[in-house]
Structures are given as C-alpha cells and as structure tokens.
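Line by line, the protein sequences are chains A and B. For the first sequence, the working numbering gives the first residue as 2, with consecutive numbering after it. For the second sequence, the working numbering gives the first residue as 2, with consecutive numbering after it. Each residue gets a CB set at the ideal place from its N, CA and C atoms; glycine is no exception. Written below as structure tokens is the structure these notes are about.
Number of protein chains: 2
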Amino acid sequence: MENATRRERIRAQTRDEAKAAALRQIAAAGPQSLSLNAIGKELGMTGPALYRYFAGRDELLTELISDGYHDLADTVSAAATAVAGKSPAERIRALARAYREWALAQPHRYLLLFGTPVPGYAAPAHTIAAATRSLREFLEPLAELAAVARHPDLENQLATGLADRDGKAGWNGVVLRLGVTGWTRMHGVLSLEVEGHFETMGFNPALLYEAEINDLIESAVG
Amino acid sequence: MENATRRERIRAQTRDEAKAAALRQIAAAGPQSLSLNAIGKELGMTGPALYRYFAGRDELLTELISDGYHDLADTVSAAATAVAGKSPAERIRALARAYREWALAQPHRYLLLFGTPVPGYAAPAHTIAAATRSLREFLEPLAELAAVARHPDLENQLATGLADRDGKAGWNGVVLRLGVTGWTRMHGVLSLEVEGHFETMGFNPALLYEAEINDLIESAVG
DNA sequence: CACATCCGTTAGAACGTCTAACTGAGGTTA
DNA sequence: TAACCTCAGTTAGACGTTCTAACGGATGTG
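Below is the structure:
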C-alpha cells in the first residue's frame, strides 16, 4: 500500500513537472509550439516517455486549461475572503483587481483560457464549474447594492437560465445581468490588453479597467 | 505589358484561391491545422508550389489577418454610409449590429483577428490603420451626442495619445473614451460568444450585446 | 527562332505527434 | 530468497508538417 502510494507520488510529481515545463514553453513561444519532445528533453527523458503520463498533446493542453480555471477561481475566492468585511463596492473592486492581476501576471495562461479555443477541446463539467466560480464571487456584493432593473428581457432569461444552477443560491435576474456584464467588460479590456492591442494607443489600460468597474458599480446602485 | 499583366492576373487569382482555401480550412479545424500541403492539394498542386506565392505559412496567416481587418473595416464603413441620415443613436446601433454580424458570420476569422495572437506576427502599419478604422466610424455619431466627462484621467490620456492620429480629426477625450469603451464592450461580448462560453448559460447573447450598446448610448447622453 | 523568366514538380532535411516492441528497474507475492 | 509482474523509460519507425534545393517544362520577350 505504502509502496503503491510512493509510486503514485512520484508519478504525480513528474506530471506536475511536465505541466510546469509546458507552461514555460507556452509562455515563451505560444501554445502552438508546445512540443512533447521538448518537454521530455527538459525533464531529462525522451519524447515518447510522456505518453505514460498524458494520452497526447491535446490532453496535456486541456489539463493546463482546466488547471488554469481552478487557479483563477481560487485566486478570486481568496481575494473575496480577504475583503469579506468591507463595503460591497470595495469588495467588487478588490475582486476585479485580483482578476486582472492574475491575467497580467500570466498572460499566456489567460489566453489559454479565453483566447482562441483549441480545436478538440470540450470543457469537462468540473471545469465549467470552476469557470463560473470566479464569476459567482461577484454576485454576492453585487446583490448587496440595491440593483435596479434595466434590461428586463435579458434579466428574465438569466434568472430562468442560471438561477438554480447551484442548488441554493437563486440569484435574481438583475444581479445575474450585472455579473455577466461585469465579466464581459473585464474580459473585453483584459483580452485586448493582453494581446497588445492597446500598445500603440498611448493610454494606461488600468485606467480603462477601473473606469469600467466603477461604471458597473454606479449603474448597479442606479 | 499586356502579357505581363496577364501573368500578374492569374498569379493574383491563385493567391486569392489559396487564401480562400486557407480560410475554409481554418473554419473547419482551427488556425493550428492550417496546412500548406492541404491547400496545395485543394488547388490541384503540390505543397512546395505555394512557396512561389507566399514566403511561408506565417506570411499566409498574417495576410489573412490583414485582409480580415480591412474587410471588417469596409463592412463597418458601408454600414455607416448606409445610415448616414439617421439619428446618432440609430447610427451607433447600426454600426454595432454590422460589427456583430460580421463576427458571427465568420467566427473563425474574428478569432484570427482578436483571439490568441500568432507568435511571430507583428501588424504592419496599414493593418493597424484598418484596425482602427472600424473603430473610428463610431466616433462621429458619438460626438453628436452631448457627451459628459466621467473619467478625466483616462479621457486626458486618450485625448493626447490618440487625438491627432489622423491629421484632421482631433476628437475630444470624452468621445475617444466612449469609442474605446464601446470597442472593449463589444469585443467582450463577441469574443466570449464566438468561443462558446455562453452556450451552457441559457440566455441569448444578442440581448446582452444590445443592452451593452444601449447602455453606452445612454451613458453618452448623460 | 533563341532566350529568359516563371511555375510546378520531385527529393530530402529537420521536426512534430504518436505507436510498437523491447529493456530494465521497482514492488509484490509464493 | 526467488519468481513474477507491473510500470517507466528506451529505440525504431510510420506519417504529416514546413521549408530548401535542384530540376523540367511552359509562357512570354527580344
């Protein structure tokens, strides 16, 4: 038993090393040039050896994506607990800041999650759960702001489509609209920033991001 | 002369055929699996023959990107002239609609422009011009709405950074902020929609998009 | 007609994923 | 201890990719 566990441990360890090497390579030259052979070389073994650990290149990539969603969600959750006592607006700002810092600290990883999807990839259930988890942290403080209805059709669809996703919550449509809107606005700024589209435009994207967050908060209180 | 022109014509024609085939392949299986050999086969010739027309895979890709920016800009410009007489709000809605329809009609192409950037790609000058051209069409109707200042720091940076980009215009900072904000909001919705992130969420992205546009217009009039 | 230019071919190097068969070490069991 | 089995890693090789190089043939030019 204990020996079997030992094998499992070193196996998991080399899996992690391989994933770390993969992230380094993606950071260096983009997801397209991720090479199992090169990863093997970095770990001190040959290419085909990695097929003992991953079914193939695609599985390694999907695992990196899945890990990324969980890591991002954990980061946002940590930020949420860190500012638990403050005002709703302050909490929203803190969550948005954590979201942005995660993306800018590892832009390649953010693009892996939200950039062009890899062709054969279909998100497993627990990954979608993690993906929405980072979004869900925003709902609580948003709900505390006295939200006003502005787009009834959309809000109704969201209320029926997303409400009882997790058993208990049951968020109202206005809060869900604010959450989704916040998500798309953050992503709009972040993705263009990470891809360098703002580079020649001579302004600080952080200001744009903050402006979007503040607008969202203002529109929530009415 | 006339013979030389003839050669040029068929050369340009096979170039276009190659690009069309490339777009088909990208639409079918993503940008990663774009293969010069396969394109050649589709045109009835061998792979290496294409090197008479393109320096390599990367050049073909960058040309597709460049073409895409121009096509998108042309589409938005056409929409602008089509609604020249109407109210500013109506014009903005029409431009946004054209922008969205272009993206949804050819999602792979939208992702080619705004998804994960290809590693070796650096946009040539005329491409950046085309990229900003689709955005610039929004500025005129936005300026006609009596725009109120909301984020002075950002607006000042934009005014000094973007104002005299093209010789004459000289847009004020508030208008530029609305333009950039509109861009990031449209992109935020469109990119997530095109990548299928809304698929399991049970709402119609068109409503979200319209809501964003209407919010932008409302916030512009103050 | 002779010549030059250009287009497409085949051959091959280098690199990628991935499969198959083999070797050797680790851990389990009689 | 001895025998066995599982698993990690190796090499060999099929196949596809980009891309270069050398060659043939067609097209257009003097």
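Rounded to the nearest angstrom, how far is the Cβ of residue i from that of residue j, given a contact under 8 Å?
i: residue 109 (chain A); j: residue 189 (chain B); result: No, residue 109 (chain A) and residue 189 (chain B) are not in contact; Cβ-Cβ is about 20 Å, not under 8 Å.
i: residue 41 (chain B); j: residue 162 (chain A); result: About 46 Å; that fails the 8 Å criterion.
i: residue 222 (chain B); j: residue 146 (chain B); result: 5 Å
i: residue 54 (chain B); j: residue 19 (chain B); result: 6 Å
i: residue 93 (chain B); j: residue 11 (chain B); result: Contact flag wrong, Cβ pair sits at about 43 Å.
i: residue 118 (chain B); j: residue 196 (chain A); result: 5 Å
i: residue 186 (chain A); j: residue 186 (chain B); result: 6 Å
i: residue 158 (chain A); j: residue 208 (chain B); result: 7 Å
i: residue 122 (chain A); j: residue 182 (chain A); result: Not quite, the Cβ-Cβ distance comes to about 26 Å (not below 8 Å), so this is no contact.
i: residue 101 (chain A); j: residue 191 (chain A); result: 6 Å
Are any of the Cβ atoms in chain B nearer than 8 Å to that of residue i?
i: residue 125 (chain A); result: no
i: residue 202 (chain A); result: yes
i: residue 188 (chain A); result: yes
i: residue 112 (chain A); result: yes
i: residue 224 (chain A); result: Summary: the structure shown does not reach residue 224 (chain A), with chain A confined to residues 2 through 223, and so no result is reported for it.
i: residue 162 (chain A); result: yes
i: residue 117 (chain A); result: yes
i: residue 218 (chain A); result: no
i: residue 67 (chain A); result: no
i: residue 34 (chain A); result: yes
i: residue 83 (chain A); result: no
i: residue 93 (chain A); result: no
i: residue 224 (chain A); result: A question about residue 224 (chain A) goes unanswered here, because the residues of chain A that appear run from 2 up to 223.
i: residue 3 (chain A); result: Low confidence applies here, because residue 3 (chain A) scores a pLDDT of 39, under 50, leaving its location unreliable; read the following figure in that light. Not one chain B Cβ lies under 8 Å of residue 3 (chain A).
i: residue 185 (chain A); result: yes
For chain A, find out if any of its Cβ atoms is closer than 8 Å to the Cβ of residue i; answer yes or no.
i: residue 176 (chain B); result: no
i: residue 192 (chain B); result: yes
i: residue 138 (chain B); result: no
i: residue 31 (chain B); result: yes
i: residue 209 (chain B); result: yes
i: residue 154 (chain B); result: yes
i: residue 61 (chain B); result: no
i: residue 159 (chain B); result: yes
i: residue 196 (chain B); result: yes
i: residue 181 (chain B); result: yes
i: residue 120 (chain B); result: yes
i: residue 205 (chain B); result: yes
Given residue i, which residues of its chain have a CB within under 8 Å of its CB, disregarding the five upstream and five downstream residues?
i: residue 4 (chain A); result: Here residue 4 (chain A) scores only 39 on pLDDT, less than 50, and its place in the model is too uncertain to base an answer on.
i: residue 176 (chain A); result: 140, 143, 144, 148
i: residue 83 (chain B); result: 95
i: residue 15 (chain A); result: 44, 54
i: residue 35 (chain B); result: 23, 26, 27, 58, 61, 62
Among residues of its own chain, excluding the 5 on either side of residue i, which ones have a beta-carbon nearer than 7 Å to its beta-carbon?
i: residue 51 (chain B); result: 19, 37, 40, 41
i: residue 65 (chain A); result: 20, 23, 24, 113
i: residue 138 (chain B); result: 77, 78, 81, 96
i: residue 69 (chain A); result: 110, 113, 114
i: residue 193 (chain A); result: 199
i: residue 180 (chain A); result: 136, 139, 140, 143
i: residue 2 (chain B); result: Reliability fails at residue 2 (chain B), whose pLDDT of 39 lies under 50, so the model's placement of it is uncertain and the value that follows must be treated cautiously. Here the set comprises nothing.
In chain order, what residues of the same chain have a beta carbon less than 6 Å from the beta carbon of residue i, not counting five sequence neighbours either side?
i: residue 103 (chain A); result: 73, 76
i: residue 134 (chain A); result: 74
i: residue 48 (chain B); result: 37, 38, 41
i: residue 43 (chain B); result: 22
**Asked** At which residue ranges does the region 22-96 of chain B contain complete alpha helix (DSSP H) runs of 4 or more residues, listed in the order of the chain?
**Response** 37-44, 58-83
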